[in-house]
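Chains as they are written, first to last, in our numbering: chain A, 23 to 363; chain B, 27 to 202; chain C, 3 to 405. Don't be surprised by glycine CBs; every beta carbon is placed ideally from N, CA and C. This one's a predicted model, so the numbers in the text were calculated from it and none came from an experiment.
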Amino acid sequence: MNFIPIPLIIWLIEDLLYLIIFPGLVTILVLVIIIIWLERKIAAKVQMRFGPLWVSKKIGGALQSLADLLRYSFQEAIIPEKADKLAFILAPGLMFAFATIALIFIPVGPYYSALFPSYYTILFSVALIIITPIFAIIVGWASDNKFSFIGALREGFLLISYEVPFLLSVVSMIVIFRTYNYISAVQSQLNFLPGIILNPLAALTMLIVMIRTTGRFPFDITEADSELVLGLFTEYSALFFGVGMATPYVELYNFSLIFSLLFLGGWWPLNVNVMNPLYGLFLPGLVVVIKAFIVMAILVFLRAVYPRYRLDQAVRSGWSYVLLLSVLSVILSIVEVKFLR
Amino acid sequence: MNIKDELLKISANVVIDEKKANYKIIIEDPVKIFDAASSLKNLGFDHVVSVTGVDYPDKVEVIWHVSSYSVEDLKGINLALTLPVKKPERVNQNEAQGNFASKKPPVTVPSLVKIWPSAIFNEREAFEMFGIIFEGHPDLRYLLLPEEFYETWPMRKDFTYNRVNLLKYLRCLLNE
Amino acid sequence: MSEKIFNIDDLQNINVEGEKYIILQIGPSHPGSGHMRIKVWLDGDIIVKVDPDIGFVHRTSEWLSERREWIKAIPIVERIMLPDTVHANLAYVLAVEKLLGIEPPPRAQYLRSLVAEINRITSHLYGIGIFGIFLGSSTVYMWAFGDREPFIDLMEMLTGARITTSYIIPGGVRWDIPNGFKERAETVLQYMERRLKDYEDIWVKNPVVQARTINVGVLKKEDAISLGVVGPNLRASGVYYDTRKHQPYAAYPNLDFEVPTMKNGDAYDRLLIRVEEIKQSIRMIRQILKDLPEGKIIADQIYNQLNPVMKKNYEEKKRVMFPAFMIHMRPPPGEATAKVEAGRGEIFFYIKSTGDKYPYRFRWVTPSFRNLPFFTHVAVGHRLADLPTIYGSIDYFPPEADR
């Protein structure tokens with residue numbers, strides 16, 4: 023095997039490796055399973071109970087989510103008679119696809135990315151991420167159910183009110199780093215300070231938007247079960263339902279990756295310049311994913327503490343406090359760029 | 027305030043048994059019930075606890091149990107405002123047969139919802155259970171029972187049901 | 003927000019015809035409805051009209067009780083009010099005792115109050131838990147239902163059953179207090195006092211809870227009186243009325259306790275008042291265990307009916323077995339009413355006897371049934387998301403309302 027250069031092979035199949043193994047689909051699957059298990063386990067700990075226990079008892083029920091996934095796969099898929107069948111079937115899949123596809127433009131290492139190393143990765147990934155809720159609205163519309171429809175309307179309201187702060191918080195980081203590229207952004211953080219210290223306002227805005235967009239508590243408004251049964255996914259069953267339920271976690275994963283790249287210094291404390299398969303490609307990626315995982319774990323813990331806000335309260339705070347916060351973060355970035363550097 | 031004197035001003039027929047917590051004022055004439063209720067409300071009886079009927083062979087007694095939240099002296103009293111109503115003669119011996127129970131004619135009394143809004147759901151219940159039509163009630167529909175019991179008045183003592191038909195009906199429900 | 007005072011004519015005047023309104027049928031199989039259907043007319047997100055459609059779990063308890071011996075009504079009324087069994091039992095027995103002319107001995111009176119207060123704590127915890135899950139906080143739901151357990155265990159220790167105790171019988175109670183009960187009760191009460199602080203931290207003072215409940219579902223004092231609302235909901239609106247004070251029964255005349263009242267009458271006040279009442283109940287249980295008088299636990303009239311074996315059983319095990327008198331009980335003709343302050347409010351009994359084996363008329367009204375105007379009046383003008391808030395805050399229990 024000595025005459026086959028491993029870096030060459032990896033370079034050849036890099037895109038495939040990136041999208042399918044790490045940090046692509048397989049990693050997403052594993053992480054989503056772990057994060058759902060962790061969410062249930064932490065909540066159970068707070069709530070004086072055991073949480074998932076019986077599937078794979080020796081490792082604390084960690085395979086419970088996998089068992090749920092299997093159950094969804096073999097369940098009968100029921101499609102309501104009056105539903106818009108094409109949209110009903112396609113929308114959850116497209117929603118999942120667009121949530122996953124944003125990963126193409128999120129590099130997890132200086133030399134490791136899916137497609138060509140584009141200069142505009144931040145813009146592309148953000149654009150792809152904010153497409154996903156549109157399919158959520160289609161899901162609610164296609165079901166022909168009043169509860170789903172109200173859930174879709176709520177999703178629409180929230181989408182519009184939290185998109186602007188999200189974009190502004192990203193813009194403020196672009197202003198600070200003076201680049202549209204994740205790799206350069208991380209490099210400039212490695213040279214100076216992590217983004218969360220440079221602009222804490224933007225980090226806070228981003229966290230709030232992450233909670234909101236992925237439907238974590240206290241913004242679990244579109245799926246409020248005491249009001250809307252299950253919101254968008256009231257009429258869904260089987261694998262469609264499983265995919266629909268997994269999508270927010272995938273979104274959460276993407277958001278956390280972006281957060282750790284823009285604010286937590288990416289692959290800091292590693293500063294790699296060598297193109298070595300282990301040190302150059304995977305290790306930085308591992309650091310980023312671990313950081314993202316910690317962010318996810320903190321966000322899912324909120325379930326145990328907060329109940330949910332009302333729609334009008336969430337929309338009002340989106341257009342007032344969060345928008346104000348994001349505008350201030352842009353101003354802060356401009357001030358920093360003008361005077362500190 | 028002596029409650030008995032006050033009550034005797036409203037009607038001559040007052041029964042008071044403190045040991046059994048039983049205060050009763052009987053109005054014989056349905057026309058006078060509205061005035062009696064108004065004067066009770068002015069006295070301080072501000073809410074209705076229960077509206078019900080008691081079925082006798084020849085009459086139905088409609089009882090509004092009222093009490094007070096606002097007057098300190100009356101908070102301990104459950105007053106029964108009673109109105110006996112004669113049942114209508116059966117016009118037709120062959121009563122209309124319902125699904126599984128026989129149908130009977132209702133009786134009519136004035137509704138006191140205008141005076142005591144708290145009677146609104148209680149009067150609906152008394153209507154479906156005893157066949158007391160409360161005239162002037164804004165929303166007199168069935169509350170607890172399904173519509174199969176229409177006009178059968180199950181809490182009356184002469185309520186009978188046909189076991190075979192009932193089983194048939196239940197089977198229909200199951201098959202649906 | 004429903005600013006104006008309730009007027010009965012409004013029910014007819016609300017016009018909800020036309021395509022402008024969305025009609026939502028919430029229930030009967032809906033996570034936020036319980037065993038009832040709430041028909042809601044929505045104008046955008048604002049509730050225009052609410053029609054609670056109850057009766058899905060109507061169990062004909064009045065009909066059944068009028069066709070059975072007197073004593074057999076106890077299990078029937080208990081099973082209607084599952085979180086509040088002792089109070090339903092107590093209210094019925096009080097009415098029957100008034101007909102029979104029996105007065106239970108002081109020790110039995112104290113034991114009745116004891117088990118009633120334990121039951122009130124479990125009932126309030128149940129209500130707080132359901133309110134929690136309606137607002138989306140599974141933590142409070144799990145906590146409240148978990149903390150209910152020690153009290154239910156206390157009830158089991160005292161009465162032999164967890165929920166449907168059938169502990170109170172005409173003339174007294176069925177079991178005396180067991181050994182070690184007082185120490186165990188003190189442990190449980192101290193545990194609950196510690197836990198109430200946790201509840202304040204995570205639930206009562208939670209900013210999201212305050213944002214969701216303050217000024218939501220306001221029931222003004224005049225409305226509360228005219229609509230005949232009962233229990234903690236009435237007192238949250240500022241009306242000082244408690245059956246334990248104004249029509250005292252059991253040992254309540256001898257106990258020192260306060261009746262907490264609030265001012266605003268919103269959902270937050272209805273939450274606070276339940277916490278306050280738990281504190282009062284803890285205080286009362288301590289008093290009862292301290293002042294528990296010695297003596298019989300059954301009235302002499304019943305005790306004399308016991309046969310020698312039963313008397314021996316009573317002396318040794320402190321247990322009252324049913325004499326034959328109970329099943330053949332024929333109270334003298336007459337009518338009696340009884341009121342009891344249950345966890346959710348006031349239970350009312352009206353019983354008429356003709357001296358027969360069965361009650362001639364058996365009428366009872368449960369607190370949830372009398373709290374129904376909350377849906378028709380208070381929910382109107384709020385947003386759809388406030389409906390679970392209002393529903394949860396009034397601690398409504400559909401099987402209890404349906405009877």
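The bridge partners DSSP lists for C/Q27 are C/K41. Cα atoms of A/F171 and C/G219: separation of roughly 26 Å, rounded to the nearest angstrom. Within the same chain, Cβ atoms closer than 7 Å to the Cβ of C/R214 are found at L137, T391, the five residues on either side in sequence being excluded. Assigned with DSSP and collapsed to three states, C/N208 falls in coil, not helix or strand. At the C-beta level, A/L112 and A/I218 stay beyond 9 Å of one another. Counting every other CB atom within 10 Å of its CB across the protein chains shown gives A/T143 a total of 16 or more, marking it as buried. Comparing C-alpha distances from C/F350 to each of C/D155, C/G357, C/I25, C/W366 shows the shortest one belongs to C/W366. With respect to A/I280, A/V148 sits close: the two C-beta atoms are nearer than 9 Å. Within chain B, no C-beta atom comes less than 7 Å from the C-beta of C/Y360; the nearest is roughly 11 Å away. Beta-bridge annotation (DSSP): C/A340 is paired with C/F351.
Not a single C-beta of chain B is nearer than 9 Å to the C-beta of C/I300.
In chain A, no part has a C-beta under 7 Å from the C-beta of C/H89; the shortest such distance is about 27 Å. For the pair A/A225 and A/S183, the CB atoms are not nearer than the 9 Å cut-off. Counting only Cβ-Cβ distances below 8 Å, C/T339 has contacts in chain B at K46, A47, N48, H91, N104, A106, in chain order.
Taken in chain order, the complete alpha helix (DSSP H) segments of 4 residues or longer contained in the stretch 171 to 249 of chain A are 204 to 213, 217 to 220, 222 to 235.
Residues of the stretch 144 to 176 of chain C that bring their beta carbon within less than 8 Å of a beta carbon in chain A comprise M144, W145, G148, in sequence order. Judged by their CB atoms, A/L53 and A/M318 are nearer to each other than the 9 Å cut-off. Within the stretch 255 to 293 of chain A, complete alpha helix (DSSP H) segments of at least 4 residues are found at 260 to 284, given in chain order.
In terms of beta-carbon proximity, C/V367 lines the interface with chain B, with at least one pair separated by less than 9 Å. About 13 Å separates the beta carbons of C/L236 and C/V380, which is beyond the 8 Å limit, so they are not a contact pair. Under DSSP, C/F364 shares a beta bridge with C/I353. Excluding five sequence positions before and after B/L100, the CB atoms of its chain that fall closer than 6 Å to its own CB belong to G70, S94, given in chain order. Distance from the CA atom of C/L113 to the CA atom of C/P180, rounded to whole angstroms, is 12 Å. Under the three-state reduction of DSSP, A/A121 is assigned to helix. In its chain, beyond the 5 residues on either side, L41, T122 have a beta carbon closer than 8 Å to the beta carbon of A/L47. The beta carbon of B/N104 sits closer than 7 Å to those of A47, Y49, V75, H91, S93, all from its chain and outside the five residues before and after it, given in chain order.
Per the coordinates, the alpha-carbon of A/G82 lies some 28 Å from the alpha-carbon of A/L305. Close CB contacts of C/G297 within its chain, under the 7 Å cut and outside five residues either way in sequence, are with P107, P108, R109 (chain order). Counted as a single uninterrupted DSSP element, the stretch harbouring A/W341 is not any beta strand (DSSP E), since DSSP gives it neither H nor E. The beta-carbon distance between C/L273 and C/P375, rounded to whole angstroms, is 20 Å. This is too long to meet the 8 Å contact definition.
At least 9 Å separates the CB of B/K129 from every CB of chain C. At a beta-carbon threshold of 9 Å, the residues of chain B lying near C/W65 are M155, P180, M181, F185, ordered along the chain.
By the Cβ criterion, the stretch 359 to 373 of chain C is not in contact with the stretch 204 to 211 of chain C, since fewer than three pairs of Cβ atoms, one from each stretch, lie closer than 8 Å. Counting along the chain, no beta strand (DSSP E) covers B/E149; the unbroken alpha helix (DSSP H) around it starts and ends at 146 to 156. For a cut-off of 8 Å, the C-beta gap from C/D149 to C/R346 is around 18 Å, too long to register as a contact. In this structure, C/Y193 sits away from C/V142, with a CB-CB distance that is not shorter than 9 Å.
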